[in-house]
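Chemist: Sequence lines, in order, name chains A and B.
Residues in the first sequence are numbered consecutively from 1, following this note's numbering.
Residues in the second sequence are numbered consecutively from 1, following this note's numbering.
Quick reminder that beta carbons are idealized off the backbone N, C-alpha and C, glycines included.
Submitted below is the structure of interest, expressed as structure tokens.
2 protein chains.
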Amino acid sequence: MINEAARAGEVWRTRPAAERAEVLDRVADALLVAEEELWPVARDETALPEARLRGEITRSAVQFRLFADVLRDGGHVEAIIDHADASATPPKPDVRRMFQPVPGVVGVFAASNFPFAFSVAGGDVASALAAGCAVVVKAHPGHPALSRRVAEVIKSALPDPDLLGLVEGLEAGRELVRHPLVSAVGFTGSLRGGKAIQALINERPDPIPFYGELGSVNPVVVLPSALADPVRLAEGFAASLTLGVGQFCTNPGLLFVPDDAELLKAITAAVAATTGGAMLTPAIREGFETGASSLDGRLTELARGLAGPIEGAVAPRVYTADLTTFSMGLPELAEECFGPSAIVVTYQEISDLPEVLRNLPGSLTATVHSADPVEAAPLVPDLARLAGRVIWNGWPTGVAVTWAMHHGGPWPASTTPMHTSVGATAIRRWQTPVAYQDLPDALLPAELREDNPLGIPRRVDGVVSVA
Amino acid sequence: MINEAARAGEVWRTRPAAERAEVLDRVADALLVAEEELWPVARDETALPEARLRGEITRSAVQFRLFADVLRDGGHVEAIIDHADASATPPKPDVRRMFQPVPGVVGVFAASNFPFAFSVAGGDVASALAAGCAVVVKAHPGHPALSRRVAEVIKSALPDPDLLGLVEGLEAGRELVRHPLVSAVGFTGSLRGGKAIQALINERPDPIPFYGELGSVNPVVVLPSALADPVRLAEGFAASLTLGVGQFCTNPGLLFVPDDAELLKAITAAVAATTGGAMLTPAIREGFETGASSLDGRLTELARGLAGPIEGAVAPRVYTADLTTFSMGLPELAEECFGPSAIVVTYQEISDLPEVLRNLPGSLTATVHSADPVEAAPLVPDLARLAGRVIWNGWPTGVAVTWAMHHGGPWPASTTPMHTSVGATAIRRWQTPVAYQDLPDALLPAELREDNPLGIPRRVDGVVSVA
Numbered sequence: 001m002i003n004e005a006a007r008a009g010e011v012w013r014t015r016p017a018a019e020r021a022e023v024l025d026r027v028a029d030a031l032l033v034a035e036e037e038l039w040p041v042a043r044d045e046t047a048l049p050e051a052r053l054r055g056e057i058t059r060s061a062v063q064f065r066l067f068a069d070v071l072r073d074g075g076h077v078e079a080i081i082d083h084a085d086a087s088a089t090p091p092k093p094d095v096r097r098m099f100q101p102v103p104g105v106v107g108v109f110a111a112s113n114f115p116f117a118f119s120v121a122g123g124d125v126a127s128a129l130a131a132g133c134a135v136v137v138k139a140h141p142g143h144p145a146l147s148r149r150v151a152e153v154i155k156s157a158l159p160d161p162d163l164l165g166l167v168e169g170l171e172a173g174r175e176l177v178r179h180p181l182v183s184a185v186g187f188t189g190s191l192r193g194g195k196a197i198q199a200l201i202n203e204r205p206d207p208i209p210f211y212g213e214l215g216s217v218n219p220v221v222v223l224p225s226a227l228a229d230p231v232r233l234a235e236g237f238a239a240s241l242t243l244g245v246g247q248f249c250t251n252p253g254l255l256f257v258p259d260d261a262e263l264l265k266a267i268t269a270a271v272a273a274t275t276g277g278a279m280l281t282p283a284i285r286e287g288f289e290t291g292a293s294s295l296d297g298r299l300t301e302l303a304r305g306l307a308g309p310i311e312g313a314v315a316p317r318v319y320t321a322d323l324t325t326f327s328m329g330l331p332e333l334a335e336e337c338f339g340p341s342a343i344v345v346t347y348q349e350i351s352d353l354p355e356v357l358r359n360l361p362g363s364l365t366a367t368v369h370s371a372d373p374v375e376a377a378p379l380v381p382d383l384a385r386l387a388g389r390v391i392w393n394g395w396p397t398g399v400a401v402t403w404a405m406h407h408g409g410p411w412p413a414s415t416t417p418m419h420t421s422v423g424a425t426a427i428r429r430w431q432t433p434v435a436y437q438d439l440p441d442a443l444l445p446a447e448l449r450e451d452n453p454l455g456i457p458r459r460v461d462g463v464v465s466v467a
Numbered sequence: 001m002i003n004e005a006a007r008a009g010e011v012w013r014t015r016p017a018a019e020r021a022e023v024l025d026r027v028a029d030a031l032l033v034a035e036e037e038l039w040p041v042a043r044d045e046t047a048l049p050e051a052r053l054r055g056e057i058t059r060s061a062v063q064f065r066l067f068a069d070v071l072r073d074g075g076h077v078e079a080i081i082d083h084a085d086a087s088a089t090p091p092k093p094d095v096r097r098m099f100q101p102v103p104g105v106v107g108v109f110a111a112s113n114f115p116f117a118f119s120v121a122g123g124d125v126a127s128a129l130a131a132g133c134a135v136v137v138k139a140h141p142g143h144p145a146l147s148r149r150v151a152e153v154i155k156s157a158l159p160d161p162d163l164l165g166l167v168e169g170l171e172a173g174r175e176l177v178r179h180p181l182v183s184a185v186g187f188t189g190s191l192r193g194g195k196a197i198q199a200l201i202n203e204r205p206d207p208i209p210f211y212g213e214l215g216s217v218n219p220v221v222v223l224p225s226a227l228a229d230p231v232r233l234a235e236g237f238a239a240s241l242t243l244g245v246g247q248f249c250t251n252p253g254l255l256f257v258p259d260d261a262e263l264l265k266a267i268t269a270a271v272a273a274t275t276g277g278a279m280l281t282p283a284i285r286e287g288f289e290t291g292a293s294s295l296d297g298r299l300t301e302l303a304r305g306l307a308g309p310i311e312g313a314v315a316p317r318v319y320t321a322d323l324t325t326f327s328m329g330l331p332e333l334a335e336e337c338f339g340p341s342a343i344v345v346t347y348q349e350i351s352d353l354p355e356v357l358r359n360l361p362g363s364l365t366a367t368v369h370s371a372d373p374v375e376a377a378p379l380v381p382d383l384a385r386l387a388g389r390v391i392w393n394g395w396p397t398g399v400a401v402t403w404a405m406h407h408g409g410p411w412p413a414s415t416t417p418m419h420t421s422v423g424a425t426a427i428r429r430w431q432t433p434v435a436y437q438d439l440p441d442a443l444l445p446a447e448l449r450e451d452n453p454l455g456i457p458r459r460v461d462g463v464v465s466v467a
């Protein structure tokens, strides 16, 4: 399978970016055409509701289309041209640099919690195909039938079906990471899973890049000026906490609030009014129960929602602690508990926050609620150090698929914090630069030819130029 | 030392790019001012000649100045702005992304063969300081007095001398790699040294990036159309092979040539006319003798230069083999032998070359000599796969310090082939992105404010715009 993918990739990497863009658009079309067939398969395997699954198919299609736009723009190759300078000491040659697809095959480990958008039809696959790479996906065991069917749908839109491979099972995943033709690995999942893959990669003779997005606690800081409407704040928190039964890597697991009785009362009421639901898999449910229960003896339960009528459903749970108790419980209290659970930490003074923020592990997001930029200003650098995305007066769930999005963060949120798994720059993970020195124009890739036939943005002699 | 550097870095990272640029220019000035004092210190420790050392001080200054230009341009932060779109489904927030310096301290292992330009005053240090990071350098034991003196010169130009630390000795190097405040490591040196550092990093709880540039064999392919002037070709090869007593990571260690008696005769004569010299350290000399001697029984010696009058000097040596013999001796025959040694491999047909090129390990450079782009065209993709820089009718030694330069290559040339240790994009290694979602303009870094006060190139709503 990996050998076949590598062979197909040899052709794919030579195709012009515009042609790859057309293929990505066709994949998006194929996913949307298959929507009626696909969402019930996903529902049966994940317990996720119809509206969410339909929305996620759209998100998958949008991701393929974004990378089609990226290819048409051409900025992803980061073309840089330095003309020769014979008068320099020593004389400077003509040097032209651009990104090329990484050699071989990209391995992708699918996530459980987004059966479309972070799985076989996910951003890792879309960005790797866009870069010009063949991909082999290790299916998530939480939705095997869906994985197979989605792979078929995507293959039907590819010029060579071998460009996308699908493997199943732990051992096949290990083989994928070890295979000499696999040159980069993407992963979305747990810290434990990510560490296991990193350990396998560390055994390889060649240190290939591992782009793991491992989730996080996503701290939210509520500043005193944000207390004007405590009910709205509490309801926003409860909604973000319980969205998708809390099964998002951007789930708000830590809320720092002023020690304000009205706000705590509002949070209690808002969380009590929520309904949880069934979790994706029995293992995830067990992990949630174990993680949440470990807080029972240590912290005070502030509020509990309803489990709802579905068998095996879990109830949202929120604990509380003051800043001192919480700080003394670090780092354990800042470990992610995947599911609808959070800790509300009460503080007395804003000036008490920086120290605890600096002691938190890296997160994908950090949020501040405030009505006053001057009040929030001193905290922003700490939040930007703590997380890959800083959010103002919003909630961390919901990761827009755009050019500027960064979905990554300091360890343990990401294994390579420089890279993102969502947004246009996700394509960079599957590229590597080549510089061409003094090559005749006829031998250069179109992106680097003197007359810029593709009209892409380039840096020429140190200056960015737009066609 | 590392703690002090981290503290100094906390301030440095907050300084505007323009201010950091001024500091880099001052470092360049200070190095040039100290030239008369520094080059004799280097000569006494490295046996390198005056002209070379003076040139290298200039190169170091040029590197600091290039990164000052990079900072003034502002493109290194890769500012991307997506305005909010309330009409989208779901509504899109305002997202603005840019690179920030990595947290903590950058660790740099200096190389032996460039006592200025890849050592304490090297590109790793210049690019990391430019990014906004504090640096601690592990001095190379080949030039300890110079390392200390250069560190003093650089510190004298820094706003806080603690921004640059210097440690010496193997154990201090290990501590540097293991230290929790070190967030990225740069290295230029041997494959063995690089593997040792990678192993230490693999033991860390957090998988920090390791940017190792480990050298390579730098294959050169001579095509039949290039045989018009065999003497010029042979002299170019011999000069590149013996430059700096062959102690360059871009030294041409493999030359594929048509089985042409005249060319082989010219190479023999050109190499016989060379003089080697003293090597940088006794260990490097021993490594060269062992490596070259291991070929004695296996391959035919084609030519040998003179050692020259200096005690302990080595003589350049060139071996030869036909393509079949060479191919059967892979991968051992493609291992780098650091010093003035090469293998000239004779081939019969151009069509025999792609297979052997695909079996070579990754290199920093791959060169083709040809008078006919049509003849060379089929090989260019293989060369671009094999190496990070493809050179036309030139020689691999000499790495221009420019915007487009890429000095890196597939493993084992680099541990992270996506990155370069020379050229403007080397700064990226010490940066990590942050996205700001819906932040008020007043809380955004200047690079992301709506009115673009710094006038930097940015991508706005998907389109690259130049101020």
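Give me the Cα-Cα distance between PRO40 of chain A and ASP69 of chain A, rounded to the nearest whole angstrom.
Modeler: The straight-line gap from Cα to Cα measures roughly 30 Å.
Chemist: Go ahead and pull the three-state DSSP assignment for GLY173 of chain B.
Modeler: Here GLY173 of chain B sits in helix by DSSP.
Chemist: Scan the segment 179-227 of chain A and note each continuous alpha helix (DSSP H) run of 4 residues or more that stays entirely inside, going in chain order.
Modeler: Counting only runs of 4 or more, we get 191-203.
Chemist: So, is GLU56 of chain B buried or exposed, given that buried needs 16 or more other C-beta atoms within 10 angstroms?
Modeler: Buried.
Chemist: I need the straight-line Cα distance from GLY75 of chain A to GLY297 of chain B, nearest angstrom please.
Modeler: Their Cα atoms are separated by approximately 52 Å.
Chemist: If I measure Cβ to Cβ from VAL460 of chain A and keep anything under 7 Å in the same chain, skipping five residues before and after, which residues do I get?
Modeler: Within the same chain, VAL460 of chain A has close Cβ partners ILE81.
Chemist: According to the neighbour-count rule (16 or more other Cβ atoms, all chains shown, within 10 Å of its Cβ), is THR420 of chain A buried or exposed?
Modeler: It counts as buried.
Chemist: CB-CB under 6 Å to GLY107 of chain B, same chain, minus the five flanking residues each way: which ones, in chain order?
Modeler: Once the five neighbours on either side are set aside, the close Cβ partners of GLY107 of chain B are VAL136, LEU176, VAL182 and VAL185.
Chemist: What in chain A is Cβ-close to ILE391 of chain B, meaning under 7 Å?
Modeler: The contacting residues are GLN437 and ASP438.
Chemist: Quick one: residues in its chain with C-beta nearer than 6 Å to the C-beta of PRO220 of chain B, no 5 flanking neighbours on either side, listed in chain order?
Modeler: Reading the sequence as shown, one finds Val at residue 220 of chain B and not Pro. Once the five neighbours on either side are set aside, the close Cβ partners of VAL220 of chain B are PRO252, LEU255 and THR367.
Chemist: Among the candidates A:PHE116, A:ALA172, A:HIS140 and A:ASP124, whose CA atom is the shortest distance from the CA of VAL153 of chain A?
Modeler: When each option's Cα is compared against that of VAL153 of chain A, the closest is A:PHE116.
Chemist: Is DSSP giving GLY388 of chain B helix, strand or coil here?
Modeler: In the structure shown, GLY388 of chain B sits in a strand (DSSP, three-state: E or B).
Chemist: Under the assumption that SER414 of chain A contacts GLY212 of chain A (Cβ atoms under 8 Å), give the Cβ distance between them as a whole number of angstroms.
Modeler: Right, their Cβ atoms sit about 7 Å apart.
Chemist: Measure the alpha-carbon distance for GLY423 of chain B versus LEU66 of chain B and round it to whole angstroms.
Modeler: If you take the alpha carbons of GLY423 of chain B and LEU66 of chain B, they lie about 8 Å apart.
Chemist: Let me check understanding here. Comparing Cα to Cα, which of B:LEU164, B:LEU48, B:GLU301 and B:ILE343 lies closest to ARG7 of chain B?
Modeler: Among B:LEU164, B:LEU48, B:GLU301 and B:ILE343, the Cα nearest to that of ARG7 of chain B is on B:LEU164.
Chemist: Give a yes or no on contact between the segment 392-411 of chain A and the segment 238-246 of chain A, applying the rule of three or more CB pairs nearer than 8 Å.
Modeler: These segments touch.
Chemist: Do ARG458 of chain A and ALA131 of chain A have their CB atoms nearer than 7 Å?
Modeler: No; because the gap between Cβ atoms is not below 7 Å, this pair is not in contact.
Chemist: Excluding sequence positions up to five away, which residues of its chain have a Cβ less than 8 Å from the Cβ of GLY122 of chain B?
Modeler: If we look at GLY122 of chain B and ignore the five residues flanking it on each side, its Cβ neighbours are SER60, GLN63, VAL108, ALA110, ALA111, PHE114, PHE116 and THR188.
Chemist: Look up GLU78 of chain B in the DSSP assignment and say whether it is helix, strand or coil.
Modeler: The answer is coil: DSSP assigns GLU78 of chain B none of H, G, I, E or B.
Chemist: Using the three-state DSSP reduction, which class does PRO433 of chain B fall into: helix, strand or coil?
Modeler: In the structure shown, PRO433 of chain B sits in a strand (DSSP, three-state: E or B).
Chemist: Can you check whether the C-beta of PRO207 of chain A is within less than 7 Å of a C-beta belonging to chain B?
Modeler: Yes - at least one Cβ of chain B is within 7 Å of the one on PRO207 of chain A.
Chemist: List the endpoints of the continuous alpha helix (DSSP H) containing ALA269 of chain A.
Modeler: ALA269 of chain A -> alpha helix (DSSP H) spans 261-272.
Chemist: Just curious, the alpha helix (DSSP H) that GLY291 of chain B is in, first and last residue?
Modeler: Counting along the chain, the alpha helix (DSSP H) containing GLY291 of chain B begins and ends at 282-293.
Chemist: Going along the chain, which residues of the segment 129-150 of chain B sit with their C-beta nearer than 8 Å to a C-beta in chain A?
Modeler: Cβ contacts with chain A: none found.
Chemist: For chain A, is any of its Cβ atoms less than 7 Å away from the one on PRO219 of chain B?
Modeler: No, because no Cβ of chain A sits closer than 7 Å to the Cβ of PRO219 of chain B.
Chemist: Within the continuous alpha helix (DSSP H) that includes GLY55 of chain A, where are the two ends?
Modeler: That run of the alpha helix (DSSP H) goes 50-73.
Chemist: Which one or two residues does DSSP pair with MET98 of chain B in a beta bridge?
Modeler: Paired residue(s): B:VAL434.
Chemist: Starting from the N-terminal side, write out each stretch of the beta strand (DSSP E) that is 3 residues or longer and does not extend beyond the segment 135-171 of chain A.
Modeler: With a minimum length of 3 residues, the continuous beta strand (DSSP E) runs that stay inside the segment 135-171 of chain A are 164-167.
Chemist: Terminal residues of the continuous alpha helix (DSSP H) containing GLU4 of chain B?
Modeler: Looking at the DSSP string, the run of the alpha helix (DSSP H) that includes GLU4 of chain B is 2-12.
Chemist: For SER327 of chain B, which residues does DSSP report across the bridge?
Modeler: Bridge partners of SER327 of chain B: none, in fact.
Chemist: Are at least three pairs of beta-carbons, each pair with one atom in the segment 259-272 of chain A and one in the segment 329-337 of chain A, less than 8 Å apart?
Modeler: Counting Cβ pairs under 8 Å, fewer than three are found: no touch.
Chemist: Excluding sequence positions up to five away, which residues of its chain have a Cβ less than 7 Å from the Cβ of THR402 of chain B?
Modeler: These residues qualify, in order along the chain: GLY423.
Chemist: By the three-class DSSP mapping on this structure, what secondary structure does ALA110 of chain B have?
Modeler: ALA110 of chain B falls in the coil class under three-state DSSP.
Chemist: So, does the CB of VAL464 of chain A fall closer than 7 Å to a CB anywhere in chain B?
Modeler: Yes, VAL464 of chain A lies at the interface with chain B (some Cβ there is under 7 Å from its Cβ).
Chemist: For the segment 80-111 of chain A, enumerate the residues whose C-beta is nearer than 7 Å to any C-beta of chain B, in chain order.
Modeler: Under the 7 Å Cβ criterion, the segment 80-111 of chain A contributes ILE80, ILE81, ASP82, PRO90, LYS92, PRO93, VAL95, ARG96, ARG97, GLN100 and PRO103.
Chemist: Taking DSSP as the reference, what is the three-state secondary structure of LEU364 of chain A?
Modeler: Strand, per DSSP.
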